[in-house]
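So the structure is just underneath, and the comments pick up after that.
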Amino acid sequence: MIAGRGRQKIRPPRRGVHGEEIDFENTWAIIASAFREIHTKNASKLSYEELYRHAYRIVLKKKGEDLYRRVRDFEHEWLSNEVRGSIQALLTANLLASTQIIGGTTANERRTAGERFMKGLKQAWEDHQVCMAMLADVLMYMDRVYCTDHRRPSIYSTSMVLFRDDILSSVSSEEDSPPILVLLNHVILEQIRMERDGDVIEKALIKSCVYMLEALYDGQIETEGQRLYVTSFEEDFLNSSRDFYRAEAELMLRDSDAGAYCRHTRRRIYEEQDRCRSTLSDTTTPKIEKVVEDELIKNRIHELIEMESGVRFMIDNDRLEELSLIYDLNARVDNKKTELMRAIQKRVVEMGTDVNNAAIAASQVQSALSEGADKGKGAVQEKNLNQQTIAALKWVEDVLQLKDKFDEIWRESFGSDQPLQTALTRSFADFINASTFPRSSEYISLFIDENMKKGIKGKTENEIDLVLEKAIVLLRYVQDKDLFERYYKKHLCRRLLMQKSISNDVEKQMISRMKIELGNNFTMKLEAMFKDMTISEELTSGYKAHVAQLGDPDPKRIELGINVLTSMTWPLESMGSSGDNEEGKKLKCVFPPAIERIKKGFEKYYGEKHSGRTLTWLAAMGSADIKAVFPKVPQKDGSLKERRHELNVSTYGMVILLLFNDLPADQFLTFEEIQARTNIPKSDLIRNLQSLAVASKTRILMKDPMSKDISETDRFSFNEGFQGKFHRIKVGVVTSGNKVESDRERKETEKKNDDSRAFCIEAAVVRIMKQRKELSHQQLVAETLNQLAPQFKPDVSMIKKRVESLIEREYLERIEGASVDSYRYLA
Amino acid sequence: MAQDQAFGQFMASIQYLFASGAYSDLTILCDTDKHAVHKAIICPRSEFFEKAVNFGKEAEEGTIHLVEDEPEIVKLMLQYFYEADYVCSGEELDKEAKESPAPVGTMFAKGKKGRKGRPLAAGQPSQRSQNGDCLIIHAKIYAIAEKYFVAGLKELAMEKFKAACTSSWDDAAFPVAVNIVYQTTPESDLGLRGVVLDTITSRLSLIGKPEIQVLLAEGNGLALGVLLKKVASG
């Protein structure tokens, strides 16, 4: 048909591509009959080329609109007349009954009916899709040209909408029965319900129906949120699930224990995730998870945790796995795990308070006893204090045990969750610093003391490390670090002066750990104490060399070991015995001449080295080794021999005993005479005499009358008949070790602590005001608290007092007329 | 160089497939012509063939009967499938198609080859030349490419058509080609229609031709197009 060459005459071109107008009606008739064949699955004889060509020509001839409309009408009729009927035929009485929740049909019957219905629907849907795909192939030119140019949805999309309207939204023949779509929802929900109850259902079948709902849209706009699955099914599903799980939670809280509840909940969540994957749609997963989490966890977590078998029970019985479940569940619904945290904290404080109370109970029993002991029952008092010390150590061990327990729970069950650790720390600090239990600082220091003196004996380095670490762990919780420092210094002081420490290295390790934990300021004084000790050793040996150099060695020479202590560094006042410090300061002990000589000698030696320093002798703190010879007197066994003993006594003891050296054997000294000649404070004298004249194993003096108490009228004489089992005899003096303070001591310590606190507070306030110049009262208090937090937590009333004192001394002034109380710094 | 060689061999073997019909799995019938072709070559380049080979009768018989297309044009389309080009040169075309495949180099040379049309003064009676015939063939190729969604062929045909227009606008075949363009493309397709409008507006003397006037008088949008084009170009 190409215009041949050489044609001379040129005519205007004819109309039409191939010269003929198309006959739309005829052409459509051909196409329509072919479509019918396709729908009846009889397409194998149809020629694609022919159908395509017809459609192509119609569109090219601008009849696309007509073709499009015809196809749509054709499909509408096909669906309405052919397909709908077959679906409605599946609506059996069983199925309809179930929608109205009428009894009389068994679950099995309903399930079968539901499956049949879904199968029919699925079949119709799949047929429709296949046929429409073929139609769309044939009508490709229309889609590409007509639909694109006129912005029409493709014929395939249009036909999907038709399926929705003509099939899913259609109402069944029976008057009051709901649309197919509603029925489908209901059937699916019922099947899911069956599966939740343990039945096996046809997941793939439901999934096919879900695919259909996902492929169709509500309305014209094809967005995610407009899918029929979302608009019609999902909401129903979530609502019915919510009801289901709400009821289930109710039932389980009543009938099972918390552990079972947790396991069940976890399984339900897995099941729902699985169901979304295999039966419904992945897009539903987060939503249904939320429903389950809300109903089974969020709304119930409080009840669950508070159950008899809840968190408290799990903690007490070390149900780590169940605690871990609770943690997971709580974490799902609450990032902060508020409920669990609350329960855990509560339990920590409860258990900690129990530990505290046990310690208080123990100390109260004993302080009642020690009231009597103050009247002179030394041995009883000692025993009580020892027991009390044991109670203190037990407190420390108990707290550490509690800490270990919760650490394990935290690690194993809570996945080392950071906020929970913070909460645990807070709770531990709460009970350790409870206002009802003021002794934690002292107890912790005692714990270290005990270990330094005995505990670490024979332990390996690692074990010692562990002990030190424990102490540090507890120390972290202590709020009033200043109080701890006070006790630690006191205890350390005794250890150093009495050489009770097992290892100087370990002492230093402890100090360096504290330095890391609490900073330089805290350990400065402690380190100074060690330094004093070192210097003292040098002094002692230096003095010894100095003396040796002076002249002929005197066999009777008294050797001097000396500790020179810096008075600000050492808590010397706490080293003296209780109650008579004032007296001790006023009175200077009178030393025997031999001792006095040595004392002078050292003072001279020291004065040469460090001019301008005054040495104060603390007789109450020293000790002496005395070689004693007991004359030949008849013994109990009748023998007659001289006995030599080496006596280790306190300095006071030595002073007392030396008085008897010059006394004829049958003479005596009265209490008053001894006191007058030695100037030893009364209470120290009583205690020393108790050791020397009452305690049966070290009765070097005889007392008249023989009684347990020392009274001022007693007379003392040398006990020539003394008999000791060992060569070396240690004469103990009551309260020489580190023990829990009595209540009176305690009050004093607190008072001293408050005094030094007052100083710290003033310093802090001045520091702050110097920098800020003007500040309101509120802000000043807040900043002061903040600055002092690493050391202690001061009372607000104390801060107020210090501020007033500073105003009086004109460091600060009140700002007149300020709306809130404010202060100004005065340079 | 080895690359060029390899490419040459590749093209040669593809052309051999068409010429010999070896490994053919599809037959295309057109009038009396029977082409043994390959789905693997054709279907990826044309959605029409892709759908057709899987549909009803065509799938069953392995044959596609192009009932209404011109054998000449179908042949050129198939040539394009196998050679990435088609050649419009009258009788030679037939001859060449029957010969064993030409070496690639020659083929491309031929593709570019186009005899310069004789310059014709406007107003002189138009002559139909071989070049003019090609104008018609390009328009028809364009149409078949549109119909069967042959990838790239429309663009190729348009390029050739454009080139042919510059040389043969005064040829008697031009109005015939214009008519074909307006009959075989939808309004929205501005490809060849654009070329036609450009040609006419830049050579307004064409309007003096009665054949063109007939076309302008038709309600196919040509007249409006020319007018709009003229206004737009000032």
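From first to last, the protein sequence lines stand for chains A and B.
Its first residue numbered 5, the first sequence is counted upward by one per residue in the working numbering.
Its first residue numbered 278, the second sequence is counted upward by one per residue in the working numbering.
The beta-carbon is built from N, C-alpha and C at its ideal position, and this holds for glycine as well.
The alpha-carbon separation between VAL427 (chain B) and MET144 (chain A) amounts to approximately 14 Å. At a cut-off of 8 Å between beta carbons, ARG267 (chain A) makes no contact with chain B.
Straight-line measurement puts the Cα of GLU817 (chain A) at about 50 Å from the Cα of MET456 (chain A). Using a Cβ-Cβ cut-off of 7 Å, ALA47 (chain A) is close to GLY333 of chain B, given in chain order. About 6 Å separates the beta carbons of VAL296 (chain A) and ARG272 (chain A), which is inside the 8 Å limit, making them a contact pair.
Per DSSP, the continuous alpha helix (DSSP H) segment holding SER163 (chain A) begins and ends at 159-167. Under the three-state reduction of DSSP output, MET710 (chain A) falls in the coil class, being neither helix nor strand. At a Cβ-Cβ threshold of 8 Å, LEU430 (chain B) and ILE413 (chain B) do not count as neighbours.
With a threshold of 16 other beta carbon atoms within 10 Å, PHE39 (chain A) meets it and is buried.
Taking 7 Å as the upper bound on Cβ-Cβ separation, chain A lies near residues ILE341, HIS342, LEU343, VAL344, GLU345, GLU347, GLU349 of the stretch 339-365 of chain B. No Cβ-Cβ contact shorter than 8 Å links GLU275 (chain A) with ILE309 (chain A). Here the alpha carbons of ASP509 (chain A) and SER431 (chain A) stand approximately 34 Å from one another. Linking VAL491 (chain B) to GLN407 (chain B) through their CA atoms gives a straight-line distance of about 24 Å. Taking 7 Å as the cut-off between beta carbons, the residues of the stretch 313-337 of chain B near chain A are GLU324, PHE325, LYS328, ALA329, PHE332, GLY333, LYS334, GLU335, GLU337, in sequence order. At a cut-off of 8 Å between beta-carbon atoms, LEU50 (chain A) makes contact with chain B. Interface flag for SER444 (chain B) against chain A is unset, since no Cβ pair is found closer than 8 Å.
Only those residues of the stretch 133-165 of chain A whose C-beta falls short of 9 Å from the nearest C-beta of chain B are listed: MET138, ASP141, VAL142, MET144, TYR145, ARG148, VAL149, TYR150, THR152, ASP153. In its chain, beyond the 5 residues on either side, PHE426 have a beta carbon closer than 6 Å to the beta carbon of GLU324 (chain B).
Between the alpha carbons of ALA697 (chain A) and ASP708 (chain A) lies a distance of about 10 Å.
A distance below 7 Å between beta-carbons, with the five flanking residues on each side excluded, links LEU55 (chain A) to the following residues of its chain, in chain order: ILE35, ALA38, VAL142.
Secondary structure note for THR116 (chain A): its alpha helix (DSSP H) is the uninterrupted segment 111-142.
TYR56, ARG57, TYR60, LEU64: these are the residues of the stretch 56-74 of chain A whose beta carbon lies less than 7 Å from some beta carbon of chain B, given in chain order. Within the stretch 424-439 of chain B, the residues whose Cβ lies closer than 7 Å to some Cβ of chain A are LYS424, listed in chain order.
Taking a C-beta distance under 8 Å as the contact criterion, LEU125 (chain A) and LEU83 (chain A) do not qualify as a contact pair. The closest CA to that of HIS190 (chain A), considering only A:ILE171, A:GLU238, A:ASP170, A:ILE364, is found on A:GLU238. Closer than 8 Å to the CB of SER482 (chain B) there is not a single CB belonging to chain A. Counting along the chain, no alpha helix (DSSP H) covers CYS307 (chain B); the unbroken beta strand (DSSP E) around it starts and ends at 303-307.
Straight-line measurement puts the Cα of GLU488 (chain B) at about 15 Å from the Cα of THR476 (chain B). For HIS312 (chain B), there is no enclosing alpha helix (DSSP H); the residue is part of the beta strand (DSSP E) that begins and ends at 310-314.
Setting aside the 5 residues that flank it on each side, SER282 (chain A) is surrounded in the same chain by LYS207, each with a C-beta closer than 6 Å to its C-beta; the list follows chain order. DSSP, read as helix, strand or coil, puts LYS636 (chain A) in strand. Using beta-carbon distances, GLU130 (chain A) does not count as an interface residue toward chain B, since no partner is under 8 Å. Counting only runs of 4+ residues, the alpha helix (DSSP H) found wholly inside the stretch 397-478 of chain B occupies 407-425, 430-445, 450-461, in chain order.
Collapsing the DSSP output to three states places LYS49 (chain A) in a helix.
Across the structure, LEU673 (chain A) and MET658 (chain A) are spaced so that their CA atoms are roughly 15 Å apart. Take the alpha-carbon of VAL472 (chain B) and the one of SER465 (chain B): they are about 14 Å apart.
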